[in-house]
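Here is the structure we will look at.
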Amino acid sequence: MNLKSNEPFWLLKNGLVASYPSLKSNEECDVLIIGGGITGSLIAHQMIEDGYSTILIDKRELCNGSTSATTSMLQYEIDVPLYELKEKIGEKGAVLSYKACSEAIDRIEKLTKIIRSKAGFKRKKSLYFASKKKDTAWLKKEYEARKQNGFEVEWLEAEQILEKFEFENTYGGILSKQGASIDAFQFAHELFMHNAKKD
Ligand SMILES: Cc1cc2nc3c(=O)[nH]c(=O)nc-3n(C[C@H](O)[C@H](O)[C@H](O)COP(=O)(O)OP(=O)(O)OC[C@H]3O[C@@H](n4cnc5c(N)ncnc54)[C@H](O)[C@@H]3O)c2cc1C
127 MNLKSNEPFW
137 LLKNGLVASY
147 PSLKSNEECD
157 VLIIGGGITG
167 SLIAHQMIED
177 GYSTILIDKR
187 ELCNGSTSAT
197 TSMLQYEIDV
207 PLYELKEKIG
217 EKGAVLSYKA
227 CSEAIDRIEK
237 LTKIIRSKAG
247 FKRKKSLYFA
257 SKKKDTAWLK
267 KEYEARKQNG
277 FEVEWLEAEQ
287 ILEKFEFENT
297 YGGILSKQGA
307 SIDAFQFAHE
317 LFMHNAKKD
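All residue numbers for the sequence shown refer to my numbering, where the first residue is 127 and numbers rise by one.
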């Protein structure tokens, strides 16, 4: 079995879902969005919801950028741990930023229902585990920071991780309730089709 490929998985799985005409004349709009991946699809959706006449352009077929290559995880964790972000920008901003990411998952779920998405949104827990003993200390600090700020997290010891998930060689980790997965390529296309119909 080939585990590695140069081709983006979601593009191969879904094929060419939809194609749109090129912009060949001058047009007026309130908002012009450049780039038709998951970001452009969500911004376009919001702009149209808010009543702005919106045009979205892309230099190639829609969703052929990194949106076609994701591992489909929707997590509220950003790249900087909460405890570290607090030190960098202060508690209020750090917590707000983590809460906004968490709420985004709920909003995406709502949106999948509104547009009757078939992109396979599924609620999933996530496990952030230490693969080296030296990482346990800061990961525990991160667990405390999330717990104190109301995130639904649980600390699992290595034996519990082995028992629940059959992962060996861990040194404990944070189990987060909030999380999901989705085919972002399909979802972005669905949003484009949903909103293009309103034209
Ligand atoms: C292997 C991989 C796995 C990933 N896994 C995850 C994951 O599990 N979860 C997660 O949240 N994120 C993941 N990501 C990140 C995620 O894919 C990106 O953050 C997301 O797809 C970005 O979407 P986007 O719409 O901003 O960009 P893109 O999907 O790249 O779309 C940008 C679009 O802009 C167009 N464009 C660029 N420049 C111009 C121009 N000058 N004129 C006209 N058009 C232009 C491009 O053609 C493209 O279509 C992963 C990324 C990769 C590569």
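C-beta: ideal position from N, C-alpha, C; glycine also.
As assigned by DSSP and simplified to three states, the class of residue i
i: residue 200; result: strand
i: residue 182; result: strand
i: residue 142; result: coil
i: residue 188; result: coil
i: residue 149; result: coil
CA-to-CA distance, residue j to residue i, given in whole angstroms
i: residue 298; j: residue 287; result: 7 Å
i: residue 316; j: residue 241; result: 8 Å
i: residue 175; j: residue 257; result: 44 Å
i: residue 221; j: residue 143; result: 38 Å
i: residue 209; j: residue 273; result: 11 Å
i: residue 283; j: residue 243; result: 37 Å
i: residue 186; j: residue 321; result: 19 Å
i: residue 232; j: residue 213; result: 27 Å
i: residue 281; j: residue 301; result: 6 Å
i: residue 235; j: residue 247; result: 7 Å
i: residue 277; j: residue 263; result: 19 Å
i: residue 151; j: residue 162; result: 19 Å
i: residue 253; j: residue 181; result: 40 Å
At 3 residues or longer, and completely inside the segment 202-280: list those beta strand (DSSP E) runs for me, N to C. 252-255
Length-filtered (3 minimum) beta strand (DSSP E) runs lying within the segment 298-323: Contiguous beta strand (DSSP E) elements confined to the segment 298-323 occur at 299-302, taking only those with 3 or more residues.
Closer than 8 Å is the cut-off here; do at least three beta carbon pairs connect the segment 162-172 with the segment 201-215? With the cut-off at 8 Å, the segment 162-172 and the segment 201-215 do not touch.
Touching by the beta-carbon criterion (3+ pairs, under 8 Å), the segment 265-276 and the segment 151-163: no
Counting Cβ pairs closer than 8 Å, one from the segment 282-296 and one from the segment 217-233, do we hit at least three? no
Stretch pair the segment 301-312 + the segment 134-142: three plus CB contacts closer than 8 Å: Taking 8 Å as the limit for Cβ pairs, the verdict is that the segment 134-142 does touch the segment 301-312.
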